[in-house]
Structures are given as C-alpha cells and as structure tokens.
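Trainee: Residue numbers (the numbering used here), protein chains in the order written: chain A, -11 to 398; chain P, -11 to 398. C-beta: ideal position from N, C-alpha, C; glycine also.
Number of protein chains: 2
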Amino acid sequence: MNRPDFSKSAALFARALQVIPGGIYGHTSPALALPGTSPYYAARAEGCRYWDVDGNEFLDFMCAYGPIVLGYNHPEVEEAAARQARDGNCFNHPTGLMVQLAERLVSLVDFASWAVFGKNGADMTTWCVQVAREHTEAKKILRVAGAYHGSHAWCSPGHGGWIDEDRAHVHAFPWNDLDAFRDLVKKHRGEIAGVITTAFHHPAFGDSVMAAPGFLRGIQETCRAEGIVFILDDVRSGFRLHLGGSHRVLDFEPDLVCFCKALANGHPISAALGRKELQPAAGRVFLTGSYWNSAVPMAAALSTLIVIERDGVIERIGKVGAQLREGFVKAAAKHALPIRYTGHDSMPFMSFGDETNFLRSQVFCREMMQCGVFLHPHHNWFLCAAHESHDIAQALAAVDDAMAAAKAAF
Amino acid sequence: MNRPDFSKSAALFARALQVIPGGIYGHTSPALALPGTSPYYAARAEGCRYWDVDGNEFLDFMCAYGPIVLGYNHPEVEEAAARQARDGNCFNHPTGLMVQLAERLVSLVDFASWAVFGKNGADMTTWCVQVAREHTEAKKILRVAGAYHGSHAWCSPGHGGWIDEDRAHVHAFPWNDLDAFRDLVKKHRGEIAGVITTAFHHPAFGDSVMAAPGFLRGIQETCRAEGIVFILDDVRSGFRLHLGGSHRVLDFEPDLVCFCKALANGHPISAALGRKELQPAAGRVFLTGSYWNSAVPMAAALSTLIVIERDGVIERIGKVGAQLREGFVKAAAKHALPIRYTGHDSMPFMSFGDETNFLRSQVFCREMMQCGVFLHPHHNWFLCAAHESHDIAQALAAVDDAMAAAKAAF
C-alpha cells in the first residue's frame, strides 16, 4: 500500500497560517490530532470514506466528529435537501418544515412537549442554561468537570477570552460522584438553577466513562426534590444511542435535552426540547439567529430521522461497533498490549494500558492513518450506518500492524 | 387585486403553538410584525419575490432580514453551492475553500490580516468581545444603547435568561454621543477591553441614525490612544454599503469587524476579521462549532463576493434604494404626511412624523402587505440586486394607497 502523501494539505496549511489564527482552529485543529501525519484538508466524501486534498482515501471513523450518522452524502437526505433548496432556504419566515420537525421530535422524545432550533450545539446548551435560570430565578449551574458543552465563555475548554464573572455561578463535580453532586446541592441549596450532563462522559483527552448505576437517576431525583432543572447535553450522543434521546437507554429522565450533530446528517441544525412546565420560561428567553429558521437543514433532519428509524440504523451501528470493539480487543491481546476500549459501541474510544500521555495512541493512530484508516488519538470516534462488516474487516486488518508498531515504539 | 388570505399560515401557527414556545420566536416572530395581517410561513422565493404557504405573492423588502443581497435563489450562487454539496459539506477537516475565503476577505478588508468563521452573527460579535478581553486583559465592554449585537446573554434585547454577572462589565452610551463615550472611558480608564458599534444605528423599534460627523472617527481615536479594541458589528450592513466593510464609506477604521448576513446570500456563515496585532489573542480564544468548517456556505460566500463585485451590486442597490426613497418622500408629500425616511438607501426605514408608537406604521405596512408588498413596521428594510426599477414602481404604486389608508386611520 502506498503511504499517504500530505503535501497539498501542508501547502494549504502554510497559506492558511498567513490569514487564519492557528491556520485551523477548534476541534479540527491539527494540533489536537497528528501534525504532519494526518490530512489537514478534505476534498470529498461518500459513505464511510473520504478523500483529502492530496487524493488520499480514508476509511473514516470520525464521521465529521459526529454529524454523519447515515454516511456522507446520503442520497435520500441530500435529495430532500436539494428539493427544498430549489424552493429556497433562508426566508423572512419559517416554513411548515419547522412545525413538522418540532412535532416529529416532540413525538420521539418521551418527556418533551416543545422544541426550538438553533444552528450549533452551544446555541442550545447555553440557551438551556438560560431557560433553567429563567425558570428557577436562581443563578447557579452545576456541571461535570471536563465535560464539553461548547465553546461559549461559561464552559469553553480554552483558557483565553473568558472572565471570572462568566463562571461565577458555574460549579463542577466529578463524573459518577453522586456524593460530590449532592454536597454541591447542599452547599448552594436554593441558589441552583440547573445541572447539565452528557449521557455518558466522553471528554477529549480522556477515556469515555459510562454512568455508574444510579448516578444519573440520582441526579434526577435530587433535581426533582430541589426544583433544579436537569439538562441533558445529547449533542454528541443523540440519535446514536436511541432515537428518542440517550436517556432512554440509561434509565433516567432529564427536563431539557439538547440535540445537534446527528440530527441532520451534516446539515447545520441543533434543537432543544423540554418539559411542559418549562415552556413559559423558554418563551421568555430570546432565541434567534440569521439562519435559524432555514428550511434546508430542517428538510434534511426530517429525512435523517425517517432513515434512522426505518433502516434500524441505531441497531446496525451498534452491531458494527461491537465488531470493531471485539476486533480491537482481540488484536490487543495478540500483541499483549493492555487497552482501554471505552464508551458506547456507536462512539467508542481506545487508549493504551495505564499511560496517560496518549503517546502510544498517537503512534497507533498514525499507523492506522498510514494504512488509510482515520482514527483520532484524543477524541472519541464515531460509527455510522455506512460502515459495513467488510469496512470493519479492513480496519481490523490495519489494527494488527498498528498494534505491532505501537508496541515496538516504546 | 385579491386581498391575501392567510388561513394556511394561521393553521400552521396553531399547530406550532402546541409544540414550539411562542409558535414562532426571535426576529421572525409575528408578534414583532403584524399579527393576523402578515404571512407567518414562507413556501418558496425567487429574485425579490416570495410566496407564502397560502400562495400569496409578495414583492419583498426584507430579504430574509438581510442575508439575501443578490436575490433569492441566485442561480450562480446556488450552482456553486450545489457543486460543492455533491462533493460534501461537513467533513473531519476544513476544505481548501476556507483558506480561499479567508484570503479573499483579507484582501477585501483594508485593515485586516486574518479571518475566522462561524455560523451566526452572535458567534462572531461575542467572540470578538472575548478577543478584546484576551488582548487587553481588561474586562469592560462599551456598547451603544439599543443596538442589536445578537441574542447572547451579554447583549440580548430580551428580558429573560440573563443574570447581572453577564453584564457586570458591559456599559452603554447613546449613539452619536461622543462625550458620553469619552466620559465612560474616563470613568473606567484602564479597565476597558473594547467598544462595539454598528456602522450606523439601526435599532428595532426605532429610526435609523447615521453617524454624526466625527463620531466614529472620535471613537477610533480614543480607542487608539487608550489601547481599547474597536469592534465593528457589520453583521447587518456588511456588503451592502461597501465590499470591504462599511467603515470604508464612513471614514473610520475599526480593529475587528464581524460579517454575517449578506456574505453568502442566505447560506449559513459568519466571519470576523482583524488587525495583525490581535492575531495572537485571537489564536487563544477557543472557537469552534460542529458545522463551522462546512464547505457549502464557503463556496456560496466565494460566489456571492464574485457576483457583488463583478455586477456592481452595491451601486445597483444604492440606485434602486434611492428610487424607493424618492418615491416614498413624494407620496408622503402628496398626502401631507410627515415621514422620517432614515438609514442607508440599501437598508432604509420609514416612520411617520412625530409618532413614537408605530401605530400608523403598522396600518401603512398592513396596507402594503394587502397589496402584495412586504415591509416591516418595526425593523429596517433591505434591498437586493434583484430589485429592478419596475419592482420599485410596483411598490410605489402601492405606497400611494397605503399612505391614504395610513392618513385616514388617525
């Protein structure tokens, strides 16, 4: 197999550094992945594969960091989007699609009686924090340390650009530490507006951790007892664990839920849904954006939801995800490498033994990329409906070599 | 002419009220326009016209509240977008289009040496506030009272969902009051990170006001002298006054500029550009979103910028805008109605005489809508390159009747 050449990516990046701070910023920054041994710029994609600007082909396990749940350029979704685009996208008013999509989502999410829409995950997580404050007339927000809820000042993982006031009423507790959560509630009793958590813990630069038995249910019970609003940030996991919200497979029930990534298979839209009691507060927190009523992503979302349900996508992804997990575990055992394979099978992550610096993971992922399989060393992976058994087999063939290289490197 | 029937809009809205707080929220809320006498839902659009779900045709002077600068469904822009969509939109990486678009914008905006991208105007105004704080290590932000910079907590025009801490370091001064601005600077000397203004004052529920001679230049000079970052929010006016930023026709120079609406003729993208000295701070303020690298809106933006420049769009819009203004002034004189016709010809606003409650404006706009011309009684209007002289003539024919009705009503 020819080893990939990244010279066009490198040339574009050199140009980018002249006109863009950092060249590439945010979650796709090469500094977060593998400088020099990873593509920097994509050219096209189809199914579970993409081609970078140098023409290298990658079997993809990042799915655009989540949005691609059916495979890139899914014909049915793209046809629905193109059909709407012929009539128009951005108007003076919403279209009937907004009503249809709200009705559809409300019918899917058991506890919800209303929906609103934005473009980005953080549009919704931040707005839900505001709704919790408006509903309770309290200020404090509890969150899990290290969880990602977007790039806004109250929760950004970055060190720059936020001031103490942005986080004066944001308090963190460790994932799976119900006692610490309850201590915070006790300490700030009567001052707490909401708590926000993901469905399972999937931090960048860390293993994923499922909820301990009773953890999320325990948060829910305290919230109900204390009048605290429980916000589920299902931006990353929504529509990969369950069509009606990830809480459905994790035995708890939030008051608000935020969706984004997989909702429209890559078209820009996010949504928040909530319980009836929160509707008056939701109506009082101003919410808008230039493109937030746009019709094309709503057409794409309606189509994506149809395909996910009709084609049993969540079950399919779970099955190929299990195949991938079993293959990784087997390959690691063959090379006597201890691994941690964590998270949900539809969005897993792997790290090595007791190392915490991800250096062996970087070698491993670099080798996988050299063999045409795109994996991330510091961020959870994503599977999609376009991954077939033979794709998993191709990935596992590369895993064997990559494990050998990862072992040999240290 | 048949008076429009809005029964399908009304039926959809009744359904929406069941599943969406307020039914329609944000800047397109019917509560902000004309309940019962305006369409609520759009179906399709072409050029400077759109059709609502009841099949009513409107000659449009809102342009989707700004984004539509070339006309709805501009063939060249839509072809560029569709071509990119065939290759893909949302990937693991940016595409070369991001570099091209940054290079293009930096070449257009005289003071800027770098660019970043988001989806929404507020993504950029808020991020620029953060960059100003990061660059100066100061907290305070000065802004113009009543100006709109998005729906985020530090600046939302809504009353709900924000806490005192969100605005603890945000201080307002009146538009065109350079003394008040200087007093704030004096009062908070050494604590001020930035000042943010629009290119001219275009508040909702108010007349537009151009800058008094020396006002924006005076802000600039104080900013330079005091080390304060001057942020131009060109979200609404960008690419309608000048291709290189509205400051070019208003004799001042900011340090950062935010663009959004007209950048991609309705495709979802926003941008911020800045001076070289601010690049290090910009690189330290984490900036990302699930769809912020997406390729289709960048292809649409590149195409939109080509068409604006090649077809002399800004001059064209100014010319038909002047025609509209002259016609309104003449019609008002004929009916002996005192009007204020304010703002830039490309995005004007009209109100009546010395009234402050907009009741006569509502009657006027309702009559215009009844005649198939969409105007907003409380928000500035927008013209686009698809408005031809005969469209203006059609609007002016309706204005005569609407002025008569507005006069008769009080």
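#1: May I ask you to list, following chain order, the residues of the segment 267 to 282 of chain A that have a beta carbon less than 9 angstroms from some beta carbon of chain P?
#2: Starting from the Cα of residue 268 of chain A, find the closest Cα among A:352, A:397, A:120 and A:204 and give me that residue.
#3: Chain A beta carbons: is any one of them nearer than 9 angstroms to that of residue 207 of chain P?
#4: Just by C-beta distance, which residues in the segment 7 to 33 of chain P are closer than 8 angstroms to chain A?
#5: Please state the DSSP three-state secondary structure of residue 47 of chain A.
#6: So that I know if they touch, is there some Cβ in chain A lying closer than 9 angstroms to that of residue 421 of chain P?
#7: Verify the CB distance criterion: does residue 339 of chain P have a CB-CB separation below 9 angstroms to chain A?
#8: List the residues of chain P whose Cβ lies closer than 9 angstroms to the Cβ of residue 61 of chain A, in chain order.
#9: Do the segment 248 to 262 of chain P and the segment 99 to 109 of chain P meet, that is, are 3 or more Cβ pairs less than 8 angstroms apart?
#10: Taking contact to mean 3 or more Cβ pairs, one atom from each stretch, closer than 8 angstroms, check whether the segment 269 to 279 of chain P and the segment 140 to 151 of chain A are in contact.
#11: Cβ atoms of residue 219 of chain P and residue 180 of chain P: under 9 angstroms apart, would you say?
#12: Alpha helix (DSSP H) containing residue 292 of chain A: first to last residue?
#13: I'd like to know whether the C-beta atoms of residue 25 of chain A and residue -6 of chain A end up nearer to each other than 9 angstroms.
#14: Kindly indicate if chain P contains any beta-carbon less than 9 angstroms away from that of residue 114 of chain A.
#15: Our contact map puts residue 38 of chain P next to residue 46 of chain P with C-beta atoms below 8 angstroms; I'd like the distance itself, whole angstroms only.
#16: Can you name, in chain order, every residue of its own chain whose Cβ lies under 6 angstroms from the Cβ of residue 248 of chain A, other than the five neighbours on each side?
#17: Go to residue 246 of chain P, then tell me how far its beta strand (DSSP E) extends in each direction, as first and last residue.
#18: Please name the residues in the segment 141 to 152 of chain A whose beta-carbon is closer than 8 angstroms to at least one beta-carbon of chain D, in chain order.
#19: Which residue's Cα is closest to the Cα of residue 105 of chain P: A:49, A:165 and A:8?
#20: Against residue 66 of chain A, what residues of chain P qualify as contacts under a CB-to-CB distance less than 8 angstroms, listed in chain order?
#21: Could you name the residues of the same chain whose beta carbon sits closer than 6 angstroms to that of residue 406 of chain A, not counting the 5 residues immediately before and after it, in chain order?
#22: Who are the neighbours of residue 90 of chain P on chain A, taking C-beta pairs under 8 angstroms?
#23: Quick one: give me the first and last residue of the beta strand (DSSP E) that residue 186 of chain A is part of.
#24: Looking at C-beta atoms only, is the number of pairs between the segment 303 to 315 of chain A and the segment 149 to 167 of chain A that lie closer than 8 angstroms three or more?
#25: Taking the straight line between their C-alpha atoms, what separation do you get for residue 343 of chain A and residue 328 of chain A?
#26: At which residues does the beta strand (DSSP E) containing residue 391 of chain P begin and terminate?
#27: Give the C-beta separation of residue 184 of chain P and residue 137 of chain P to the nearest angstrom, bearing in mind that I take them to be a contact with Cβ-Cβ under 8 angstroms.
#28: Can you grab the Cα-Cα spacing for the pair residue 374 of chain P / residue 59 of chain P, in whole Å?
#29: The beta strand (DSSP E) spanning residue 112 of chain P covers which residue range?
#30: For residue 7 of chain A, which residues does DSSP report across the bridge?
#31: Quick one: give me the first and last residue of the beta strand (DSSP E) that residue 167 of chain A is part of.
#32: For residue -7 of chain A, would you say it is in contact with chain P, using Cβ-to-Cβ distances shorter than 9 angstroms as the test?
#33: In whole angstroms, give me the CA-to-CA distance for residue 30 of chain P and residue 199 of chain A.
#34: I need the straight-line Cα distance from residue 152 of chain P to residue 131 of chain A, nearest angstrom please.
#35: Do you know how far the Cα of residue 166 of chain A is from the Cα of residue 335 of chain P?
#36: Is DSSP giving residue 105 of chain P helix, strand or coil here?
Mentor: So, from the data block:
#1: Cβ contacts with chain P come from 267, 268, 269, 270, 271, 272, 273, 274, 275, 276, 277, 278, 279, 280, 281 and 282.
#2: A:120
#3: By this cut-off, residue 207 of chain P is not an interface position.
#4: 7, 8, 9, 10, 12, 13, 14, 15, 16, 27, 28, 29, 30, 31, 32 and 33
#5: strand
#6: Residue 421 of chain P lies beyond the residue range present for chain P, which begins at -11 and ends at 398; the question has no answer from this structure.
#7: no
#8: 73, 74, 75, 76 and 77
#9: yes
#10: yes
#11: Not closer than 9 angstroms, so no.
#12: Run containing residue 292 of chain A: 283 to 298, per the alpha helix (DSSP H) assignment.
#13: In contact: residue 25 of chain A and residue -6 of chain A (Cβ atoms closer than 9 angstroms).
#14: Judged by the 9 angstroms Cβ criterion, residue 114 of chain A is in contact with chain P.
#15: Correct: roughly 6 angstroms between the Cβ atoms.
#16: Listed in chain order, the non-local C-beta contacts of residue 248 of chain A below 6 angstroms within the same chain comprise 109, 223 and 258, local neighbours out to five positions each way being set aside.
#17: 244 to 247
#18: Here the protein chains are A and P, and chain D is not one of them.
#19: A:8
#20: 73
#21: Outside the displayed range of chain A (-11 to 398) lies residue 406 of chain A, so it cannot be described from this structure.
#22: 4, 7 and 8
#23: 180 to 186
#24: no
#25: 10 angstroms
#26: Here residue 391 of chain P belongs to no beta strand (DSSP E); instead the alpha helix (DSSP H) covers 377 to 396.
#27: 6 angstroms
#28: Approximately 5 angstroms between the Cα atoms of the pair.
#29: From DSSP, residue 112 of chain P is part of no beta strand (DSSP E) but of the alpha helix (DSSP H) over 109 to 124.
#30: Partner(s): none; residue 7 of chain A has no beta bridge.
#31: Run containing residue 167 of chain A: none in the beta strand (DSSP E); it sits in the alpha helix (DSSP H), 166 to 175.
#32: no
#33: 44 angstroms
#34: 20 angstroms
#35: 55 angstroms
#36: The three-state reading of DSSP puts residue 105 of chain P in strand, counting E and B together.
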